[in-house]
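In the numbering used here, the protein residues as written are 40 to 233.
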């Protein structure tokens, strides 16, 4: 495969993943008096652009009018719902720092699989090596989807075909079950590239 085709495929995959991540973060609606007739175009400084999916998508366009006739974007993602005297809010599930027993049972297999304890802090680290940058980037993209889903993001560094990962839960000041889950997923996902 030529370098240009590989680059094009990489960009296509990145856009696909980015669109997926953005779709779950918030829904943006196009509102305004002329929303229906301008549903498939966007005017910027007199020039017509089309399909700016980062700003809005076909699925989230709606017809509406405002007194001023101006278009506006509204974030439809709702963090909490208040009804009468009751408030329901999304709450992040709190995790606890690993106990000594959990360290023995859950952390030791990771240390045996190549993870190391970080000096000076309660964290683990591992370096993954791939055949080229595309594999390394694909690996990071795949892991990023899980990280976003469980709201637990790794500290990582990428240089060409190497990805160095450090895991620790800042909220508890050390290792938690989330780090164990992420480390296990890193190892499983890396095997797909070997």
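The C-beta atom is built at its ideal place from N, Cα and C for all residues, glycine as well.
DSSP places residue 184 in the helix class (H, G or I) of the three-state scheme.
Assigned with DSSP and collapsed to three states, residue 155 falls in strand.
Between the alpha carbons of residue 198 and residue 146 lies a distance of about 27 Å. Judged by beta-carbon spacing, residue 165 lies beyond the 7 Å limit of residue 215, meaning their Cβ atoms are not closer than that value. If you draw a straight line from the Cα of residue 203 to the Cα of residue 179, it is about 10 Å long. Under DSSP, residue 205 forms a beta bridge with 164 and 194. Per the C-alpha coordinates, the member of 51, 201, 188 and 218 positioned closest to residue 171 is 201. Distance from the Cα of residue 212 is smallest, within the candidate group 138, 45, 51 and 48, for 138. Taking residue 219 as the centre and dropping the five residues before and after it, the same chain places the C-beta of 145 closer than 6 Å to its C-beta, in chain order. In the DSSP assignment, residue 224 falls within the unbroken alpha helix (DSSP H) covering 216 to 230. Beta-bridge partners of residue 136 (DSSP): 215. Proximity to residue 168 across 185, 188 and 226 peaks at 226, based on C-alpha coordinates. Around the beta-carbon of residue 148, fewer than 16 other beta-carbon atoms lie within 10 Å, marking it exposed. Taking every protein chain shown into account, the CB of residue 48 has fewer than 16 other CB atoms within 10 angstroms, so this residue is exposed.
DSSP places residue 233 outside both helix and strand once states are collapsed to three, so it counts as coil. Note that the C-beta distance between residue 207 and residue 162 is below 7 Å.
Cα atoms of residue 195 and residue 159: separation of roughly 18 Å, rounded to the nearest angstrom.
Burial is judged here by how many other beta carbons sit within 10 angstroms of a residue's own beta carbon; residue 191 has at least 16 and is buried. Of all alpha-carbon atoms in 174, 150, 142 and 181, the one lying nearest the alpha-carbon of residue 232 is that of 174. Between the C-alpha atoms of residue 185 and residue 53 there is a straight-line separation of about 15 Å.
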